[in-house]
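K.L.:
Chains as they are written, first to last, in my numbering: chain A, 7 to 144; chain B, 7 to 144; chain C, 7 to 144. Sending over a structure as structure tokens; questions will come in a sec.
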Amino acid sequence: MKSYRNELTFQLPERRGFVNITPQVEQSLADSGIQEGILLVNAMHITASIFINDDESGLHRDFERWLEKLAPEKPYSQYDHNGYEDNADAHLKRTVMGREVVVAVTQGRLDFGPWEQIFYGEFDGRRPKRVLIKIIGE
Amino acid sequence: MKSYRNELTFQLPERRGFVNITPQVEQSLADSGIQEGILLVNAMHITASIFINDDESGLHRDFERWLEKLAPEKPYSQYDHNGYEDNADAHLKRTVMGREVVVAVTQGRLDFGPWEQIFYGEFDGRRPKRVLIKIIGE
Amino acid sequence: MKSYRNELTFQLPERRGFVNITPQVEQSLADSGIQEGILLVNAMHITASIFINDDESGLHRDFERWLEKLAPEKPYSQYDHNGYEDNADAHLKRTVMGREVVVAVTQGRLDFGPWEQIFYGEFDGRRPKRVLIKIIGE
């Protein structure tokens, strides 16, 4: 069994945003040399998300509005977590979107359907945050 | 390390529905010959879900109503994604329910609690859509 | 390839609660002797959750309030599942929080960011319920 590990770092200029990280994940997979196995991508911070969906800007605006409806940023005082912090909503939004994805690796490729793309979802940005890629297989 | 891959295809007659796919996943596991490892099942389409819960029709109706409350299908115009499409709600519903499950394989069986069953959740049906099963282990 | 399996059992005194199980998961990883691989932790019951977030009591109160808003426990009659049962809300809450986490194992440790901790989330307590830990690697 082979294993491979890599970290990516993202610093988004706004509080929230989505970044398509599929190219970086594909590069890591190529670097690993693994042909058959399982690939894990997870946010290492608890106010960010990794998820798989469509690379379509209208949908991303829908996600932003929908998450604000489910877990509004303001007023900050509605959350007990917001004593020294103001990011309780970011913890909730990341919970909806998910911490991680697990992807099959087949013949050295991400084994994806036609529209699957991997996104980094930031909900408390403006500082460097890390993403972990771990691959095991042969 | 051994690895195994299979695809299932579903075409549901309605826009939304849940299908218990545990028997097909068990058959794939038997076909793989893998005794100890990890099994991944994921929707290959971004308006469908794989999740684990109870095979109880009342609960499934509750899921349907609850998802319609969290991410209503209509009016279509509430979503930016709905220019050429009308399925933005399906992307959101699938996000709540999840893209994938990872299941332990122990002594050649799905290592499940008493009520765990694997479901395909369709949120934009009436066309063929694929599910990926990947198993690694020994 | 090595594989390791362990079960934890929790009986919470209230209907709902969160327990930091990171120490028990770390102990299982140490017992496994696995240095590089993937670790799966999942609830074996469909009204409980395993998730990764911050060990901060204010945030946990926020989660409790937020989940009650998204999927209220009462009135019980609002859910079709609640014929013989009263726990439909627990199935929905666990869906939001997730069934499982997959964690990278690197150099014999959980490969975590600075604040990541693993929690058992109970939504229908007062009886013994099990959590599965499966690790594969080398």
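Each residue gets a CB set at the ideal place from its N, CA and C atoms; glycine is no exception.
Among the residues of its own chain, which have a CB less than 6 Å from the CB of Gly143(A), if the five just before and after it don't count?
P.N.:
Once the five neighbours on either side are set aside, the close Cβ partners of Gly143(A) are Ile40, Glu42, Gly43, Val111.
K.L.:
Mind listing which residues of the segment 108-135 of chain B have their C-beta closer than 9 Å to chain C's C-betas, in chain order?
P.N.:
The segment 108-135 of chain B vs chain C, Cβ under 9 Å: Val108, Val109, Ala110, Val111, Thr112, Asp117, Phe118, Gly119, Pro120, Trp121, Glu122, Gln123.
K.L.:
At which residue ranges does the segment 99-136 of chain C contain complete alpha helix (DSSP H) runs of 4 or more residues, listed in the order of the chain?
P.N.:
With a minimum length of 4 residues, no continuous alpha helix (DSSP H) run stays inside the segment 99-136 of chain C.
K.L.:
By DSSP, does Thr28(A) sit in helix, in strand, or in coil?
P.N.:
Helix.
K.L.:
Against chain B, does Leu18(A) count as a neighbour if the rule is that its beta carbon must be under 8 Å from one of theirs?
P.N.:
So no, Leu18(A) is outside the interface.
K.L.:
Can you tell me which of Tyr10(A), Arg11(A), Val25(A) puts its alpha carbon nearest to the alpha carbon of Gln17(A)?
P.N.:
The residue with the shortest Cα to Cα distance from Gln17(A) is Val25(A).
K.L.:
Use the C-beta contact count for Gly89(A): other C-beta atoms within 10 angstroms, 16 or more gives buried, fewer gives exposed.
P.N.:
Exposed, because fewer than 16 other Cβ atoms sit within 10 Å of the Cβ of Gly89(A).
K.L.:
So for Arg71(C), helix, strand or coil by DSSP?
P.N.:
Residue state, collapsed to three classes: helix.
K.L.:
Taking C-beta pairs closer than 8 Å, name the residues in chain C that Glu62(B) reaches, listed in chain order.
P.N.:
Neighbours of Glu62(B) on chain C, chain order: His87.
K.L.:
If you check the beta carbons only, do Ile56(B) and Val102(B) fall under 8 Å apart?
P.N.:
No, these two residues do not count as a Cβ contact at 8 Å.
K.L.:
Could you pull out every residue in the same chain whose Cβ sits closer than 7 Å to the Cβ of Glu79(A), ignoring the five residues on either side in sequence?
P.N.:
Excluding residues within five positions, the ones whose Cβ falls inside 7 Å are Asp95.
K.L.:
Using a Cβ-Cβ cut-off of less than 7 Å, give me the residues of the segment 10-37 of chain A that come near chain C, in sequence order.
P.N.:
Answer set for the segment 10-37 of chain A: Arg11.
K.L.:
If you follow the beta strand (DSSP E) that Ile56(B) is part of, which residue opens it and which one closes it?
P.N.:
It spans 54-59 - the beta strand (DSSP E) in which Ile56(B) sits, taken as one unbroken run.
K.L.:
Report the residue from Ala77(A), Glu13(A), His87(A), Arg115(A) whose alpha carbon sits nearest the alpha carbon of Tyr126(A).
P.N.:
It is Glu13(A) whose Cα lies nearest to the Cα of Tyr126(A).
K.L.:
Measuring straight from C-alpha to C-alpha, what distance separates Phe69(C) and Arg100(A)?
P.N.:
The alpha-carbon atoms of Phe69(C) and Arg100(A) are separated by roughly 12 Å.
K.L.:
Under a CB-based cut-off of 8 Å, is Arg105(C) close to chain B?
P.N.:
Arg105(C) counts as touching chain B.
K.L.:
Is Lys140(C) buried or exposed, if buried means 16 or more other CB atoms sit within 10 Å of its CB?
P.N.:
The residue is buried, with at least 16 neighbouring Cβ atoms inside 10 Å.
K.L.:
Name, going along the chain, the residues of the segment 70-87 of chain A whose beta-carbon falls closer than 8 Å to a beta-carbon of chain C.
P.N.:
Those would be Leu76, Ala77, Tyr85, Asp86, His87, in chain order.
K.L.:
In whole angstroms, give me the CA-to-CA distance for Gly119(C) and Ala36(B).
P.N.:
Each residue's alpha carbon lies about 37 Å from the other.
K.L.:
Counting only beta-carbon atoms, is Ile40(B) nearer than 8 Å to chain D?
P.N.:
Here the protein chains are A, B and C, and chain D is not one of them.
K.L.:
When DSSP labels each residue in this structure, what does Ala49(C) get in the three-state scheme?
P.N.:
Strand at Ala49(C).
K.L.:
Return helix, strand or coil for Tyr85(B), following the three-state DSSP convention.
P.N.:
Looking at Tyr85(B) - three-state DSSP - the assignment turns out to be coil, as it is neither helix nor strand.
K.L.:
Judging by CA-CA distance, which residue of Glu74(B), Ala54(B), Asn93(B) is the nearest neighbour of Ser83(B)?
P.N.:
Ser83(B) has its Cα closest to that of Asn93(B), out of Glu74(B), Ala54(B), Asn93(B).
K.L.:
Between the alpha carbons of His51(B) and Ile27(A), how many angstroms are there, rounded?
P.N.:
About 18 Å.
K.L.:
Looking only at its chain, what residues have a beta carbon closer than 6 Å to the beta carbon of Arg11(C), apart from the 5 residues adjacent to it on each side?
P.N.:
The answer, listed in chain order, is Lys140.
K.L.:
Tell me the rounded alpha-carbon separation between Ala77(B) and Asp117(A).
P.N.:
Computed Cα separation, rounded: 29 Å.
K.L.:
Excluding the five sequence neighbours on either side, which residues of its own chain have a C-beta within less than 7 Å of the C-beta of Leu98(B), listed in chain order?
P.N.:
Cβ within range, chain order: Ala77.
K.L.:
So, at 6 Å on beta carbons, what are the nonlocal neighbours of Gly104(A) in its own chain, with the 5 sequence-adjacent residues on each side left out?
P.N.:
If we look at Gly104(A) and ignore the five residues flanking it on each side, its Cβ neighbours are Ser55, Phe57.
K.L.:
Can you tell which of Gly64(A), Glu91(A), Met7(A), Arg21(A) has the C-alpha that lies nearest to the C-alpha of Glu128(A)?
P.N.:
Selected option, being the one with the closest Cα: Arg21(A).
K.L.:
Can you have a look at Thr53(A) and say buried or exposed, based on whether 16 or more other CB atoms are within 10 angstroms of its CB?
P.N.:
Counting Cβ neighbours within 10 Å, Thr53(A) comes out buried, since at least 16 surround it.
K.L.:
Given that Ile141(C) touches chain A, what residues does it touch there, using C-beta distances under 8 Å?
P.N.:
Residues of chain A passing the Cβ test: none, with the nearest at roughly 11 Å.
K.L.:
DSSP three-state call for Leu18(C): helix, strand or coil?
P.N.:
Looking at Leu18(C) - three-state DSSP - the assignment turns out to be coil, as it is neither helix nor strand.
K.L.:
Answer yes or no: do Val109(B) and Ala49(B) have a C-beta to C-beta separation smaller than 8 Å?
P.N.:
For Val109(B) and Ala49(B), no; Cβs fall outside 8 Å.
K.L.:
Using a cut-off of 7 Å between C-beta atoms, extract the partners of Glu144(B) located in chain C.
P.N.:
Per Cβ cutoff of 7 Å: Met7.
K.L.:
DSSP three-state label for Gly207(C), please.
P.N.:
There is no way to answer for residue 207(C), as the model of chain C reaches only from 7 to 144.
K.L.:
Checking 8 Å against the spacing of the C-beta atoms, do Asp60(B) and Gln123(B) come in under that value?
P.N.:
The answer is yes: Cβ separation under 8 Å.
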